[in-house]
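Student: Have a look at this one.
There are 2 protein chains.
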Amino acid sequence: MSKDNAPWVRIEKVGQHAGEVVQIRGWLSRMRSSGKIGFLQLRDGSGSIQGVLAKADVGEEIFAKSKGLGQESSLIAWGKVNPDERAPGGYELHLVDVQVIQNAEGYPITPKEHGTDFLMDHRHLWLRSNRQHAILRIRAEIMKGILDWLDDHDFLRVDTPILTPSACEGTTTLFETEYFESKAYLAQSGQLYNEATAMAFGRVYTFGPTFRAEKSKTRRHLMEFWMVEPEIAFCDFEENMVFQEQMLEYVVQRVLERRARELKVLERDTSKLEQIKAPFVRLSYDDAVKLLNEKGVEFQWGGDFGGGDETIIAESFDRPVFVHRFPTAIKAFYMKPDPDRPEVVLGADLLAPEGYGEIIGGGQRVDDLALLEARIKEHNLPPEAYAWYVDLRRYGSVPHSGFGLGLERTVSWLCGLEHVRETIAFPRMLSRLYP
Amino acid sequence: MSKDNAPWVRIEKVGQHAGEVVQIRGWLSRMRSSGKIGFLQLRDGSGSIQGVLAKADVGEEIFAKSKGLGQESSLIAWGKVNPDERAPGGYELHLVDVQVIQNAEGYPITPKEHGTDFLMDHRHLWLRSNRQHAILRIRAEIMKGILDWLDDHDFLRVDTPILTPSACEGTTTLFETEYFESKAYLAQSGQLYNEATAMAFGRVYTFGPTFRAEKSKTRRHLMEFWMVEPEIAFCDFEENMVFQEQMLEYVVQRVLERRARELKVLERDTSKLEQIKAPFVRLSYDDAVKLLNEKGVEFQWGGDFGGGDETIIAESFDRPVFVHRFPTAIKAFYMKPDPDRPEVVLGADLLAPEGYGEIIGGGQRVDDLALLEARIKEHNLPPEAYAWYVDLRRYGSVPHSGFGLGLERTVSWLCGLEHVRETIAFPRMLSRLYP
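In the order they appear, the protein sequences are chains A and B.
Going left to right, the first sequence walks through residues -10 to 424 as the working numbering numbers them.
Going left to right, the second sequence walks through residues -10 to 424 as the working numbering numbers them.
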């Protein structure tokens, strides 16, 4: 077996080279040896494979050098790809040579248990673990799934700005920065801009980071998180929910299909995800209040749900639940009141099952010029900052709706995580800005 | 011809309904009429079509009402799709009914010429024009093309943070914000974080907004701009250039193929883009200095190129040019010096032809621990902020390279624009934060 001309192959594709000698470039995630044989667990970012090192094959020198390698040492390994039913990936590598790039000593994250703070301080290294790999691959699949679905449904991607002069829902939870002679705020939503581009392009979306300077420390909050926000001209409140459930069904089923290996690493109960099929449940806010009261929760009509309330509502169903027609008084100024009952709005939050709570907020927007101007006044918002937004109701206003899906909460749900902090490579939390 | 049950069709797809009556939902971009016939130019965000309105068909009332509509009025129009060779899209609509949603009066952007400031102040409406449509559709195609190419080449999308505690290249051009008890800066690159994720996943990329608080007012600068930044483990300087030229060739050819209509609207000379095929030109910094001197430019070895210099270099070739091995002294601390000649780095800028200048910066990174620590010291960077970054050279360091492509400059080049301000929906410039 010669290593000359052995192709560099990524581990996830070794199956295409069964019986051949290939080159793997990566890192040593674990090493054990007994006498004249060593087992090198190799990872290269695409997957993991066991390399079997026999002193008889590689000689004394390479065997001794390899045996002494520390965790996360970088190396190039040559070996024959052997099918092996017992191996998690179906193959192992019969090694013929090893070239050490760097022998790493004292890698801080060992197979033993570490505390969360320690792992978060070493997030730049923790990302190399199997579990973090699985989560971030699922995240990437969700993102691409959303993009593909939207593109296939005639939505145009139009990026909205992060630096904005005005605030969607007041400035108390906004990060502020000097912008030359003036002040700017980091956007917590691209929605208002989406409404402008929806009037230009019909169906649009923005997908990028958003920011919320909220002093909250829960398992559902990040200061910096990603949102996809579609906005649709000539779309009412009901049609808007259909877009949401169709998109989400597609994404969940795609993740089940393409990321089965990663879901297994996470020990996710996929039977719960297989049930995620449209149509989802529609539950009015009124009925949600009744449901809470029946379950013994003291909750008054007019209030907003807390995380615990959402969990109780969501756990009453096996599919996601749209809670619709919230009280107008607790919702944003741009939400369209129900013409038949102006004390509630034509908006809905989508609650994920299994206690994951709100992952989408959406609804129909006020399209009447006079009403929008009145709402801006009622909410004490500066009219000059919203002049351009009001223009959209002056020149060719149409019924339109949209929604925002929080990426990290969706990742958390599909992966079955306890905390949203693992859903993004470098989470930003109340007391966490490093690394 | 009955309008009952006529399907709602987007204009770009009317060809699938030739001979049928369809429903178009959109806006009136232009109206002219003569006697008993009216011509309504309709747009719905997907395209534009002429609706022919005959008084004899629709009756006095609808005819009169439609004739009086202002520009950008919103409406639903029913009509029969008639093939017409003279029509830009190949079809026109023989109208049978029109329902007005809102009659818009005094739309500020008329077919006459407007100044740039006026148009930028009305950017939320200007986006409805044919030209802005063409540009933003090409932008979206470039983005999707990049994502598809990277995914097809085993790159994993891993989003890097915007809010960061440290600065990649000093803090003078960074936007700063309070982050609870500490300060944060808006990232102007995700590269350092990419290096961490590349060591975890092998091949990664980040694609999001980046920020530069630079007091410059040129046709190439925005304060907020999008970058795609791939980073590749086990990749040297030369291989890195191959990735770049292959990706860019793919994107340019895809835009030519899928956005021909839009390029025509922009009157782009596509023959120049058809030549964009790998391999691109490689020109050393030394030779670039010679070239400038031969062209009569006084330029000393050791300086950085200005926009004018880049134009002169780029115009000497019909394909993009990699200018490589810049002086180490003028480049960032993380760039790997050429082992054969440490006064230059293994980095390259890619200059687009036709005077568009730098669209990519990239290169191989310092992978030696001691050298990286020395460079951080030389550049007076705070070591504690870079502790995690240095860890990457401590635990399994490997040769690695990456690059950053500026989206807006690429859009500007492919669209053949004079100024980068039209390449993004809501540009952020020195004196422009509204709308």
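Backbone N, C-alpha and C fix where the C-beta goes; we use that ideal spot for every residue, glycine too.
Which residue marks the beginning of the alpha helix (DSSP H) containing Phe200(B), and which one marks its end?
Tutor: It is not in any alpha helix (DSSP H) - Phe200(B) instead sits in the beta strand (DSSP E) that spans Arg192 to Phe200.
Student: Out of Glu343(A), Lys266(A), Thr162(A) and Ser23(A), state which residue places its alpha-carbon closest to the alpha-carbon of Val241(A).
Tutor: Ranking the options by Cα distance to Val241(A), first place goes to Lys266(A).
Student: Residues of chain B with CB under 9 Å from Trp377(A), in chain order?
Tutor: Per Cβ cutoff of 9 Å: Asp110, His111, Arg112, His113, Leu114, Tyr423 and Pro424.
Student: Pull the bridge partners of Arg14(B) from the DSSP assignment, please.
Tutor: Partner(s): Ile65(B).
Student: Could you say which of Tyr323(B), Asp(-7)(B) and Cys224(B) lies nearest to Gly191(B) if we only look at CA atoms?
Tutor: Ranking the options by Cα distance to Gly191(B), first place goes to Cys224(B).
Student: Round the Cβ separation of Val270(B) and Phe214(B) to the nearest angstrom and send it over; I've been treating them as touching at under 8 Å.
Tutor: With a Cβ gap of about 25 Å, Val270(B) and Phe214(B) do not count as contacting.
Student: How is Ser420(A) classed by DSSP in three states: helix, strand or coil?
Tutor: Coil, per DSSP.
Student: For the segment 196 to 222 of chain A, list every residue whose C-beta sits within 9 Å of some C-beta in chain B, in sequence order.
Tutor: Listed by position along the chain: Gly197, Pro198, Phe200, Ala202, Lys204, Met212, Glu213, Trp215 and Ala222.
Student: Considering only residues of the segment 15 to 89 of chain A, which uninterrupted beta strand (DSSP E) runs meet the minimum length of 3 residues and lie entirely inside it, listed in chain order?
Tutor: Those beta strand (DSSP E) runs which fall completely within the segment 15 to 89 of chain A and span 3+ residues are 26 to 32, 37 to 43 and 63 to 72.
Student: Note down the Cα distance separating Thr161(A) from Glu347(A), rounded to an integer number of angstroms.
Tutor: In a straight line, the C-alpha of Thr161(A) is about 22 Å away from that of Glu347(A).
Student: On the premise that Tyr323(A) lies in contact with Arg354(A), defined as a C-beta separation below 8 Å, what is that separation, rounded to the nearest angstrom?
Tutor: Indeed they touch by this definition, with Cβ atoms about 5 Å apart.
Student: Mapping DSSP to helix, strand and coil, what is Tyr375(B)?
Tutor: It is helical.
Student: Which same chain residues end up closer than 7 Å to Asn183(A) when comparing Cβ atoms and leaving out the 5 residues on each side of it in sequence?
Tutor: If we look at Asn183(A) and ignore the five residues flanking it on each side, its Cβ neighbours are Thr149, Val193, Thr195, Glu218, Glu220 and Gly391.
Student: Asp143(B): beta carbon under 6 Å from a heavy atom of the ligand COA?
Tutor: Of the ligands one can find in the structure shown there are none, so the ligand COA has no counterpart to examine.
Student: Please list, in chain order, the chain B residues whose beta carbon lies closer than 7 Å to that of Gln91(A).
Tutor: Within 7 Å Cβ-Cβ: Gly385 and Ser386.
Student: Less than 7 Å separating the beta-carbons of Ala123(B) and Glu251(B)?
Tutor: Cβ distance < 7 Å, so Ala123(B) and Glu251(B) count as in contact.
Student: Taking just the CA atoms, how far does Asn(-6)(B) sit from Ser273(A)?
Tutor: One C-alpha to the other measures close to 31 Å.
Student: Using 10 angstroms around the beta-carbon of Arg146(A), count the other beta-carbons present and answer buried if the total reaches 16, otherwise exposed.
Tutor: Arg146(A) is buried by the Cβ-count criterion.
Student: Could you tell me which chain B residues have their CB closer than 7 Å to the CB of Tyr168(A), listed as they occur along the chain?
Tutor: In chain order: Leu422.
Student: Helix, strand or coil for Met212(B) per DSSP?
Tutor: If DSSP states are grouped into helix, strand and coil, Met212(B) belongs with coil.
Student: How is Ser305(A) classed by DSSP in three states: helix, strand or coil?
Tutor: Correct three-state label for Ser305(A): coil.
Student: What does Leu136(A) touch in chain B if you count any residue whose Cβ is under 8 Å from its own?
Tutor: Neighbours of Leu136(A) on chain B, chain order: Lys133 and Leu136.
Student: Against chain A, with Cβ distances strictly below 7 Å, would Tyr345(B) count as a contact?
Tutor: Tyr345(B) does not count as touching chain A.
Student: Please return the same chain residues whose Cβ sits closer than 7 Å to the Cβ of Gln233(B), not counting the five positions on each side in sequence.
Tutor: Once the five neighbours on either side are set aside, the close Cβ partners of Gln233(B) are Leu339, Ile349, Gly351 and Phe392.
Student: So for Ser171(A), helix, strand or coil by DSSP?
Tutor: Ser171(A): strand per DSSP, three-state reduction.
Student: For His408(A), which residues from the same chain have a beta carbon less than 7 Å from its beta carbon, with the 5 sequence-adjacent residues on both sides left out?
Tutor: Arg208.
Student: Roughly how many angstroms separate the alpha carbons of Met109(B) and Gly292(A), rounded to a whole number?
Tutor: Computed Cα separation, rounded: 42 Å.
Student: Measuring alpha carbon to alpha carbon, tell me which residue in Leu281(B), Val70(B) and Glu61(B) is nearest Val85(B).
Tutor: The option with the nearest alpha carbon to Val85(B) is Val70(B).
Student: Alpha carbon to alpha carbon, how far is Pro316(B) from Gln5(B)?
Tutor: The straight-line gap from Cα to Cα measures roughly 58 Å.
Student: Could you work out which residue in Arg32(A), Ala93(A), Ser35(A) and Ala202(A) is closest to Ser420(A) when comparing CA atoms only?
Tutor: Ranking the options by Cα distance to Ser420(A), first place goes to Ala202(A).
Student: Using only the alpha-carbon positions, how far apart do Asp357(A) and Thr153(B) sit?
Tutor: Near 41 Å, if we compare the C-alpha coordinates of Thr153(B) and Asp357(A).
Student: Is it buried or exposed for Asp258(A), if we count other Cβ within 10 angstroms and need 16 for buried?
Tutor: Its Cβ having fewer than 16 others within 10 Å, Asp258(A) is exposed.
Student: May I ask you to report which of helix, strand or coil DSSP gives Thr153(A)?
Tutor: Looking at Thr153(A) - three-state DSSP - the assignment turns out to be strand.
Student: Under the DSSP definition of a beta bridge, which residues are partnered with Ser273(B)?
Tutor: DSSP, once it has assigned bridges, lists His313(B) as partnering Ser273(B).
Student: Is the CB-CB distance between Ile90(B) and Val387(A) below 7 Å?
Tutor: Yes, they are a contact pair.
Student: Can you tell me whether DSSP reads Asp148(B) as helix, strand or coil?
Tutor: Residue state, collapsed to three classes: coil.
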